[in-house]
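Top to bottom, those sequences are chains V and U. So in the numbering used here, the last one in the first sequence is 325, and the numbering has no gaps at all. So in the numbering used here, the last one in the second sequence is 325, and the numbering has no gaps at all. Glycine residues also receive a C-beta, built at the ideal position from the N, C-alpha and C atoms. All values reported here derive from a predicted model rather than from experimental measurement. Comments concern the structure below.
There are 2 protein chains.
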Amino acid sequence: MSGKVAIVGSGLIGRAWAIAFARAGWEVRLWDPVAAAPGRALATIEGLLADLEAQDMLNGATAAAVRARMNPAGTLAGALEGAAWAQENAPEDVAVKRSLWRELDRLAAPATILASSTSAIVPSRFTEDLAGRGRCLVCHPINPPYLVPACELVPAPWTEPATMVLAEQIMRGIGQAPIVMKKELDGFVMNRMQGALLEEAFRLVADGYCSVEDVDIGIRDGLALRWAFMGPFETIDLNAPGGVRDYCERYQQIYARLFPSMQRRVDWSGEVMDVVEAQRRVRLPAEKLQERQRWRDRRLMALLRHRRKAASEIGS
Amino acid sequence: MSGKVAIVGSGLIGRAWAIAFARAGWEVRLWDPVAAAPGRALATIEGLLADLEAQDMLNGATAAAVRARMNPAGTLAGALEGAAWAQENAPEDVAVKRSLWRELDRLAAPATILASSTSAIVPSRFTEDLAGRGRCLVCHPINPPYLVPACELVPAPWTEPATMVLAEQIMRGIGQAPIVMKKELDGFVMNRMQGALLEEAFRLVADGYCSVEDVDIGIRDGLALRWAFMGPFETIDLNAPGGVRDYCERYQQIYARLFPSMQRRVDWSGEVMDVVEAQRRVRLPAEKLQERQRWRDRRLMALLRHRRKAASEIGS
């Protein structure tokens, strides 16, 4: 399944979605309220595509072939013309979203699915008054979606079930791994789990139990080794002879005992940040942040190639 | 650095430690209150070593060479004779530990470090009254330590700083990645972070927001892809142009808003377990749990080989 997609907002997230759709064969039109932005995005995309081709991350297509599927659109109406999907990537501001979504709903054909990349605003807050609110949802990626498969499909109370079904199919079709939420919730799924873990990490450091690097060791060289190919539920399901119920009956009391000491929130930007920042800057000076981001992207692509190979040789 | 190590308790955890130490060149003596246990452990170890050699997880040594470094000990005193390190792997029962540790402290030479594999008991609870309590600590692995590098070094209030320094050196020497806690805390570091994440995962499923598989997607195909080579602090440090402080100033409000809705604990073994178990058993029937555990172990070894290669080619 492929078709036409409108990328609404052509910054960091919009251009990443453009690559994800075009790689899967979709015809992509990029629009932005700043007229020069789609052209700039396409120039950036050309560099990214060359890297992705070199890293075997284009499903065997050439960078040129993927690039040829993308065009700038001079108007929002032009971008939406004949689109099966519109992906909105505007700033995280409810007023901006409300105004833009009125336009999206007015201009897009009734069958076009309208999806927002927002990470922080539930869809009911900018779709309630729209005539076509049944075809509206959040589709929140982890950036960049052309590398990280997980994305969150979040319905407003009025999003039609058929919209969710089609959205899931389309996301699977372009190679994403969609989380299909049953109802909206602030933070969705991924930021809630990340938040829960980070709250404990900041508490541990603030209370002087361990270092920032110790937290990273515990996840990087410990828990995430299994999480990175199973997730936390399958991990515990395989960690007791009788599966997940057996695991919880054996070990829940350990976790239940810890819960009362997790009720206090530490201000991440408060005193503890001096400790966190100082320890991070010893390991990675500020002037090396950008270089390390490039290292991260290379490691991420290498890990994804490993997963593809392991899934094929050992099973997924 | 290598020497002699006493494995005290030769079950699942003890035999895994035996492999980790022997692979690094240590002379290993296995003892157990059940006289036949060390012999049985060594038979199991032989099978494990053959697999590990085939998977290139023995640092280039042969299974036979590693096996030759291990022997059963007929008495606890014999196991401890000349040992630089004793690793205790008794049941998670304070009374059992207290009694065993009195013997350990009485029999071991003053320079021997005494370490417990306990995951659930802080070291002060079984070392307070010991004459040699300054050389006692917890060294908690994620099983099996010969595959998963992270382990937690946890001092009692009276553990000597020099003991912690030497323990860290010894663990690094056998290829572990030690977390060095500054003071003891129930749950240590890893189970606290795993618990925080699981609490939120169970809440999301119990409240009907998403499925068990959705949670696993969010971690496996989302967050853990970066956590598995960076950890959560380095991940956020690289997720804003100005580093970790910049990240928290930009995004903390999103997480702070979620915190109040994370104060309610769901009983993991309560109603939600019917949902969790049913969904897991659809994906993995109970009779396939063991087969899937073997798949997990192969995938874990493949991931560890990938990390070694990626660290060498791209950097760590």
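Scanning V:Ala25, V:Asn200, V:Leu67, V:Ala205 for the CA closest to the CA of Ala52 (chain V) turns up V:Ala25.
In the DSSP assignment, Cys219 (chain U) is bridged to no other residue. Comparing alpha carbon positions, the residue from U:Met271, U:Thr84, U:Ile122 closest to Gly12 (chain U) is U:Ile122. Closer than 9 angstroms at the C-beta level to chain U, one finds no residue of the stretch 13 to 36 of chain V. DSSP places Leu309 (chain V) in the uninterrupted alpha helix (DSSP H) bounded by 298 to 322.
A residue is called buried when at least 16 other Cβ atoms come within 10 angstroms of its Cβ; Ala118 (chain V) does not meet this threshold and is exposed. At a cut-off of 8 angstroms, the C-beta of Cys145 (chain V) has no neighbouring C-beta in chain U. Nearest neighbour of Glu112 (chain U) by Cα position, chosen from U:Leu58, U:Gly141, U:Pro132, turns out to be U:Gly141. Within the DSSP bridge table, the entry for Glu280 (chain V) names no partner. By the rule that beta-carbons nearer than 8 angstroms mark a contact, Phe135 (chain V) does not touch chain U.
In the structure shown, Lys106 (chain U) adopts helical secondary structure according to DSSP, grouped into three states. Beta-carbon to beta-carbon, Gly196 (chain U) and Leu267 (chain V) are separated by about 4 angstroms, close enough to satisfy the 8 angstroms threshold. The C-alpha of Arg290 (chain U) lies about 14 angstroms from the C-alpha of Glu300 (chain U). Taking a cut-off of 8 angstroms on C-beta distances, the stretch 237 to 256 of chain V touches the stretch 230 to 241 of chain U, as three or more cross pairs fall below it.
Between the alpha carbons of Asp306 (chain V) and Ile151 (chain V) lies a gap of roughly 13 angstroms. Taking 8 angstroms as the upper bound for CB-CB distance, Gly227 (chain U) and Val157 (chain V) are not in contact here, some 11 angstroms apart. At a cut-off of 8 angstroms between beta carbons, Cys219 (chain U) contacts chain V.
Put simply, the backbone Cα of Gln96 (chain V) is about 12 angstroms away from that of Leu85 (chain V).
Minimum Cα-Cα distance from Gln262 (chain U) among the listed residues V:Gln272, V:Pro100, V:Ser278, V:Ala249 corresponds to V:Ser278. The Cβ atoms of Leu39 (chain U) and Pro47 (chain U) lie closer than 8 angstroms to each other. DSSP, reduced to helix, strand and coil, places Met79 (chain V) within a strand of the structure shown.
Contact holds between the stretch 161 to 175 of chain V and the stretch 129 to 147 of chain V, because three or more Cβ pairs, one in each stretch, are under 8 angstroms apart. The three-state secondary structure of Pro187 (chain V), taken from DSSP, is strand.
DSSP, read as helix, strand or coil, puts Leu113 (chain V) in helix.
Proximity of Ala104 (chain V) to chain U, defined by a Cβ-Cβ separation below 8 angstroms, is not satisfied. Residue-level contact by beta carbon fails for Leu61 (chain V) and chain U, as no gap is shorter than 8 angstroms.
Relative to Ser325 (chain V), the option among U:Arg308, U:Ala215, U:Leu313 whose CA is nearest is U:Arg308. The beta-carbon of Asp65 (chain V) is placed no less than 8 angstroms from the nearest beta-carbon of chain U. Note on geometry: alpha-carbon atoms of Val284 (chain U) and Arg254 (chain V) lie some 11 angstroms from one another. Contact note: Gly182 (chain U) does not reach chain V at a C-beta cutoff of 8 angstroms; the least C-beta distance is about 16 angstroms. Between Val17 (chain V) and Trp35 (chain V), the beta carbon gap of about 15 angstroms keeps them out of contact (Cβ cut-off 8 angstroms). With respect to the 8 angstroms criterion, Ile188 (chain V) and Cys160 (chain U) are not classified as neighbours on the basis of their beta carbons. Residue-level contact by beta carbon fails for Arg317 (chain U) and chain V, as no gap is shorter than 8 angstroms. Looking at the DSSP output, Val275 (chain V) bridges to nothing.
Secondary structure at Pro241 (chain V): helix, using DSSP grouped into helix, strand and coil. For the stretch 137 to 166 of chain V, the set of positions with a beta-carbon nearer than 7 angstroms to some beta-carbon of chain U reads Ile151, Val157, Pro158, Ala159 in chain order.
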